[in-house]
Amino acid sequence: MTSSASSSASSPSAVTANGTPRPGGAGRLIGRDVSRVGFGAMQLPRLDPDRATAVALLRRAVELGVDHIDTAQFYGDGFSNEIIREALRPEDDVLVVSKVGATPDSGGPLPLRLAQRPEELRAGVEDNLKSLGVDQVPLVNLRRAETGPGLRAEGDQVVDIDDQLAVMTALRDEGKIGAIGLSNVGLDELRRGLPAGIACVQNAYSLVARDDEEMLRLCLAEDIAWVPYFPLGSAFPGMPKVTDEPAVAAAAGVLGATPAQVGLAWLLHHAPNVLLIPGTADPDHLAANVAAGALALDAATLARLDAVPTRSGDIEIDGHE
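Residue numbers (this note's numbering): 170 to 490.
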């Protein structure tokens with residue numbers, strides 16, 4: 170694992186440091202090339218306590234060309250971070266991105282609780298540094314809690330974004346984080362955050378949930394990576410699923426792909442600043458996600474998919490990361 174990595178100012182490289190083609194091609198994040206199909210570590214704790222299988226899954230991701238991994242200390246109470254530390258090697262040159270804004274709560278009704286106060290954000294960064302075994306986390310996302318699916322902030326957890334960005338900026342100045350991202354944010358919050366220098370935005374977004382289209386376009390204009398979670402909708406009750414759409418199923422049949430692969434490929438085609446972090450605990454599912462990066466969608470197929478209406482709303486789901 171690397172805490173930082175340099176990338177030339179020339180055109181993006183289609184291969185990783187190991188010479189493996191980057192799935193989905195090369196995207197840009199914090200000034201370096203990364204695979205546009207990355208890996209989200211949220212599901213790794215499903216393999217606990219089978220650490221060897223979890224390590225092997227991450228090693229396979231690297232072999233397939235993935236060099237962008239998204240994690241958090243509160244994924245499995247540090248399990249995901251520990252597996253990343255064990256599995257990755259310096260020569261892999263993998264960009265590991267983490268987030269703060271919540272903390273594990275194994276004894277509570279949910280496996281996590283919000284941790285939005287500035288001192289909690291700082292503690293979260295320190296926990297990530299320790300569990301990942303690095304001196305700096307290259308990019309840390311501030312997970313907000315006033316919009317999008319997930320837990321809602323109440324009481325002392327309602328914190329102004331300016332106060333949160335102040336501590337994130339201080340941590341960046343101290344060298345403990347390299348860059349700042351935002352997650353679960355609204356358009357106004359993003360605009361308020363721009364002066365601090367925002368590297369990426371992680372919001373729920375998919376073919377069937379495009380409420381944040383204006384925000385995506387702002388990110389594109391500002392050279393900010395768009396890293397959607399729930400890229401295929403969600404299995405949570407009340408949320409639409411990309412794979413249920415007839416247009417997606419039809420495209421999959423013609424292309425000899427799965428509906429999930431079509432949904433991921435649509436995101437990559439939709440905007441050049443999109444970076445995907447689909448997560449899985451299954452090696453076959455991992456391979457299918459990576460293969461989606463090579464799926465070509467012609468203009469007619471894209472037009473039919475673009476015509477699918479957005480079906481999202483501001484649905485509150487307890488327990489989301």
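C-beta atoms are modelled at their ideal positions from N, C-alpha and C, and glycine is treated no differently.
Between the CA atoms of M211 and D487 - distance to the nearest angstrom: Because the pLDDT at D487 is just 39, under 50, the model does not fix this residue reliably, and the point stays unresolved.
Within-8 Å CB hit, A339 to chain D: The structure shown contains no chain D; it is built from a single protein chain.
Q242 in three-state terms, based on DSSP: coil
Three-way DSSP call (helix, strand, coil) for H489 in this model: With a pLDDT of 43 at H489, under the threshold of 50, the predicted position of this residue should be treated as unreliable, though the coordinate-derived value follows. The answer is coil: DSSP assigns H489 none of H, G, I, E or B.
Those runs of the alpha helix (DSSP H) which lie wholly inside the region 282–321 and span at least 4 residues: 287–301
Close-in-space but distant-in-sequence residues of the same chain around A472 (CB under 8 Å, 5 per side omitted): none
R205 vs L437 beta-carbon contact at 8 Å: yes
Top-ranked residue by Cα proximity to V266, from A368, F405, D381: A368
Proximity to G344 [Cα-Cα], best of S180, N442, V309, V184: V309
Short Cβ contact (8 Å threshold) for A125 with G200: Because residue 125 is not part of the residues shown, which for the chain are 170 to 490, the question remains open.
For A230, the nearest candidate out of D325, D451, L363, V303 (CA to CA): D451
One or two residues paired with S375 in a DSSP bridge: A378
Simplified DSSP state of S249, which is helix, strand or coil: helix
Cα-Cα separation, R254 to L389: 32 Å
For I367, the residue or residues it bridges with in DSSP: I349
Same chain only: Cβ atoms within 6 Å of P192, ignoring 5 sequence neighbours per side: S204, V206, G234, V459, G462
8 Å Cβ cutoff met for V370 and V354: yes
Simplified DSSP assignment, three categories, for L340: helix
First through last residue of the beta strand (DSSP E) which encompasses L227: Counting along the chain, L227 falls outside any beta strand (DSSP E), though it belongs to the alpha helix (DSSP H) covering 220–232.
Cα-Cα separation between I484 and M408, rounded to whole angstroms: Any reading at I484 must be qualified, since the residue scores a pLDDT of 47, below 50, and its modelled position is unreliable; the value itself is stated next. For I484 and M408, the distance between alpha carbons rounds to 7 Å.
Secondary structure of G324, DSSP reduced to three states: helix
Short Cβ contact (8 Å threshold) for P447 with P400: yes
Beta bridge counterpart(s) of F208 as assigned by DSSP: I238
For A434, the first and last residue of its enclosing alpha helix (DSSP H): 428–439
Whole-angstrom C-beta distance between L283 and Y244, which should lie under 8 Å: Rounded, the Cβ-Cβ distance is 15 Å, inconsistent with contact.
G355 - containing alpha helix (DSSP H), residue span: Run containing G355: none; DSSP gives neither H nor E here.
C-alpha gap between V443 and F208, whole angstroms: 14 Å
Alpha carbon of V423 to alpha carbon of L433, nearest angstrom: 16 Å
Assumed close pair V306, I252 - CB separation to whole angstroms, cut-off 8 Å: That pair is no contact at about 16 Å.
Closest residue to V417 among A476, P364, A322 (Cα-Cα distance): A476
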